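Novice: The opening position of the sequence shown corresponds to residue 28 in the working numbering, with each subsequent residue numbered one higher. Every residue gets a Cβ at the ideal spot worked out from N, C-alpha and C, and that includes glycine. Here the structure is a predicted model, which means the values were calculated and not measured.
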Amino acid sequence: PYWISNSKSCIVFEDYTDNKGNSIPISKSKQAFCHPDWIKHNLKLGESLEIISVLITDASTLDKEAISFTDGVFYWNLIEFRKWALKAIEIIRQCRVSFVSGSSVWREVTIDEFSRGKIDPKSILELATKIPLNSIKKV
């Protein structure tokens, strides 16, 4: 799946949650590596759009053969991603309960809550790009 946060940024995710070992194989690294090109050629979203590829996995190492397909790909640990997602759902539910249509006060409070909970677009981009895939241990 991919998410376009504004006219400047797009995040595309590759998941690898059914791994039998504890290492990311070349096939998964290559899939994540190729996603930005696929988006550029098939979705025609504009040349200025930055496309960020993120591999979400519980694997903690990278096969040495996969290193060629890591440039521009980031790593998000599955357990950490799930913690973040559960927190995001909780914040969204809390904000939804207090929703008042057309309320600028509700909108400002919600923006603050999203920012504090790191579920606003800027925070999501920061979390998603925190760990380059090529920085994890190679085996």
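Pull up the CB-CB distance for residue 81 and residue 103, whole angstroms please, since I reckon it's below 8 Å.
Specialist: Indeed they touch by this definition, with Cβ atoms about 5 Å apart.
Novice: To the nearest angstrom, how far is it from the Cα of residue 140 to the Cα of residue 124?
Specialist: Computed Cα separation, rounded: 13 Å.
Novice: So residue 84 is in the beta strand (DSSP E); what residue range does that whole segment cover?
Specialist: That run of the beta strand (DSSP E) goes 77 to 84.
Novice: Tell me, which residues are paired with residue 164 by DSSP?
Specialist: Residue 164 pairs with 88.
Novice: Beta-carbon within less than 8 Å of residue 138's beta-carbon, same chain only, minus the 5 sequence neighbours each way: which residues are those?
Specialist: For residue 138, where only same-chain residues beyond five positions count, the Cβ hits under 8 Å are 147.
Novice: Would you list, in sequence order, the uninterrupted alpha helix (DSSP H) runs of no fewer than 4 residues that lie entirely inside the region 48 to 76?
Specialist: Taking only runs of at least 4 residues, the alpha helix (DSSP H) segments lying wholly in the region 48 to 76 are 53 to 70.
Novice: List the whole-angstrom C-beta distance separating residue 35 from residue 77, where the pair is believed to meet the contact cut-off of C-beta under 8 Å.
Specialist: Contact flag correct, Cβ pair sits at about 6 Å.
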